[in-house]
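Numbering (the numbering used here), first residue to last: 240 to 722.
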């Protein structure tokens, strides 16, 4: 028995689009209902809440502007003092510890935000001020600490200052670090000699100190605020505040820092007036009720659609769903070169069982056959009942005759195992025909016709070997086995 495929690709495409529209029409209608109800509800709510939202947004923008001004001012002052120290080193590349301590102490006195300064000729830390509490930083090779090396390398290669962080310090804690590359002339005080990279000056700033200066904490405003690092030198991460501040409808401001960028964000805390909330609740309740009705209709529609694509007895895909699956695989194969196999098989010995035990037992046996075969194949395979005791298996992961033989063997083994029926054991066989797309056929119709023909060839071969495919599994009731 063969299954007729769609006659032409154009017809298949037209029917496919029509089917998609029919399947999604209830969903589109439901979405339209929800959208209309939501727009109506939120439109009324917006009229009442618009002025409050504008006032809160203006307050948030003003607050963020103040935070940005304080941050940019603090970073600018830190960079200015860092450059003063770096200039002292450029003038005296062989600066000693006492001289470095003097200029570093002056910088820290001018900018209390500075935690300490570290000098690293050839990217190896040799001097730190103050030394107390920072002894573990001495001898640090930046190239051996990837988290810090990336910013040192960027400052060197781009010949510019880089303000990065927060980063974890080797001596403990997290801090921002201003990397200042130091270039000196190969021959001091001689303008004709090119500049060479001498090393780096790191100006370390306590993270919490900068957060406090920014005024992000204890601001006393109904705002959710956040401060995030967007720089290229370090991964984007939240520096302070709440990550929710960067959600939808957030007010954001960029903050310029040397070699990087920060983003400030704020969202007003929702606190709608009671009457506004009542309007919203009533509107959404009505929308939910209407949407619920459409949901029930959609569920009923989907159930009906599933019944139209399933065999009513076994619950397996029917001809229609089988053809849709084959169309999908053929299209995929034509695009990618993927091969797949189609197995056409029926049950040898089923008719005598059906005649002897009745259609109720026969129907139950067909259901059990389907379940047993499903347990023997892959989850990605498609098993369809195409009529009577005939089945079609589509295996997308079977590409060679050897693989097809293994699958056919599993089908035969599943069917050949004993079937307990009313206290007796009944044995069935199966005739299988297998084809591989596109080796054996390059159309759906050709695949099914060739698989059907090979199944009957298998059945004929069994008869020729003396194995009658339709031999009774047990003697008819009330008669001896020999008749």
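Idealized CB from N, CA, C, for every residue including glycine.
ask   = Which of the three DSSP states, helix, strand or coil, is assigned to residue 458?
value = Numbered from its first residue, the chain shown carries residue 458 at position 219. It is coil, neither helix nor strand.
request  = Find out if the Cβ-Cβ distance for the pair residue 534, residue 584 is shorter than 9 Å.
outcome  = Mapped onto the chain shown, residue 534 falls at position 295. Mapped onto the chain shown, residue 584 falls at position 345. No. Outside cutoff.
query = Going along the chain, which residues of its own chain have a beta-carbon closer than 6 Å to the beta-carbon of residue 328, five neighbours each way excluded?
reply = By 1-based counting over the chain shown, the position of residue 328 is 89. So the list reads 334, 421, once near-sequence residues are dropped.
ask   = Are at least three pairs of beta-carbons, each pair with one atom in the segment 613–631 and one in the segment 553–569, less than 8 Å apart?
value = yes
task = Return yes when the Cβ of residue 284 is within less than 9 Å of the Cβ of residue 443, no when it is not.
result = Residue numbering aside, residue 443 sits at position 204 when the chain shown is read from its first letter. Residue numbering aside, residue 284 sits at position 45 when the chain shown is read from its first letter. No.
query = Cα separation between residue 395 and residue 436?
reply = Position 156 of the chain shown holds residue 395. Position 197 of the chain shown holds residue 436. Using only the alpha carbons, I get a separation of about 7 Å.
ask   = Would the beta-carbon of residue 490 fall within 9 Å of that of residue 506?
value = Your numbering for residue 490 matches position 251 in the chain shown. Your numbering for residue 506 matches position 267 in the chain shown. Yes, these two residues count as a Cβ contact at 9 Å.
ask   = What number of angstroms, rounded off, separates the C-alpha of residue 692 from the C-alpha of residue 672?
value = Working through the chain shown from its first residue, we reach residue 692 at position 453. Working through the chain shown from its first residue, we reach residue 672 at position 433. Roughly 7 Å between the two C-alpha positions.
request  = State buried or exposed for residue 602, treating a residue as buried only when at least 16 other CB atoms are found within 10 Å of its CB.
outcome  = Taking the chain shown and counting its residues from 1, the one referred to as residue 602 is at position 363. Result: exposed.
Alpha-carbon spacing of residue 325 relative to residue 294, whole angstroms = Here residue 325 refers to the residue found at position 86 when the chain shown is read from its first residue. Here residue 294 refers to the residue found at position 55 when the chain shown is read from its first residue. When rounded, the distance between both Cα atoms is 46 Å.
task = For residue 660, collect the residues of the same chain with a Cβ closer than 8 Å to its Cβ; drop the 5 residues on either side in sequence, then sort them by chain order.
result = Here the question's residue 660 lines up with position 421 in the chain shown. The answer, listed in chain order, is 592, 596, 600, 604.
request  = Give the DSSP-derived three-state secondary structure of residue 603 in the structure shown.
outcome  = Within the chain shown, numbered from 1, the residue matching residue 603 stands at position 364. Note: residue 603 maps to helix in three-state DSSP.
key: the segment 298–314 / the segment 382–399 touching (three or more Cβ pairs under 8 Å)   = no
Beta bridge counterpart(s) of residue 676 as assigned by DSSP = Position 437 of the chain shown, counted from the first residue, corresponds to residue 676. According to DSSP, which records beta bridges pairwise, residue 676 is partnered with 579.
request  = State the CB to CB distance for the pair residue 338 and residue 331, rounded to an integer number of angstroms; the pair is presumed to be in contact (CB under 8 Å).
outcome  = Taking the chain shown and counting its residues from 1, one reaches residue 338 at position 99. Taking the chain shown and counting its residues from 1, one reaches residue 331 at position 92. At roughly 7 Å, the Cβ-Cβ gap stays under 8 Å, so residue 338 and residue 331 are in contact.
One or two residues paired with residue 476 in a DSSP bridge = Here residue 476 is taken as the residue at index 237 of the chain shown, counted from 1. Partner(s): 468.
For residue 521 and residue 495, the rounded distance between their alpha carbons = Here residue 495 refers to the residue found at position 256 when the chain shown is read from its first residue. Here residue 521 refers to the residue found at position 282 when the chain shown is read from its first residue. Spanning the two alpha carbons is a distance of roughly 46 Å.
key: Validate contact between the segment 679–693 and the segment 647–657 using beta carbons, cut 8 Å, 3 pairs   = no
task = Can you say whether residue 268 is buried or exposed, counting buried as having 16 or more other CB atoms within 10 angstroms of its CB?
result = For the purposes of this step, residue 268 is taken as residue 29 along the chain shown, with counting starting at 1. So residue 268 counts as exposed.
ask   = Roughly how many angstroms lie between the CA atoms of residue 365 and residue 487, to the nearest whole one?
value = Locating residue 365 in the chain shown gives position 126, where the first residue counts as 1. Locating residue 487 in the chain shown gives position 248, where the first residue counts as 1. Looking at the two C-alpha atoms, the distance is approximately 48 Å.
key: CA nearest to the CA of residue 553, picked from 612, 590, 523   = Translated into the one-based positions of the chain shown, residue 553 becomes position 314. It is 612 whose Cα lies nearest to the Cα of residue 553.
request  = Note the first and the last residue of the continuous beta strand (DSSP E) segment covering residue 191.
outcome  = Because the chain here runs from 240 to 722, residue 191 falls outside it and cannot be looked at.
ask   = Can you name the residues that DSSP bridges to residue 436?
value = Counting from one through the chain shown, the residue named residue 436 turns up at place 197. Paired residue(s): 422.
query = Using CA coordinates, which residue listed in 687, 372, 668 is at the minimum distance from residue 565?
reply = By one-based count along the chain shown, residue 565 stands at place 326. Closest by alpha carbon: 687.
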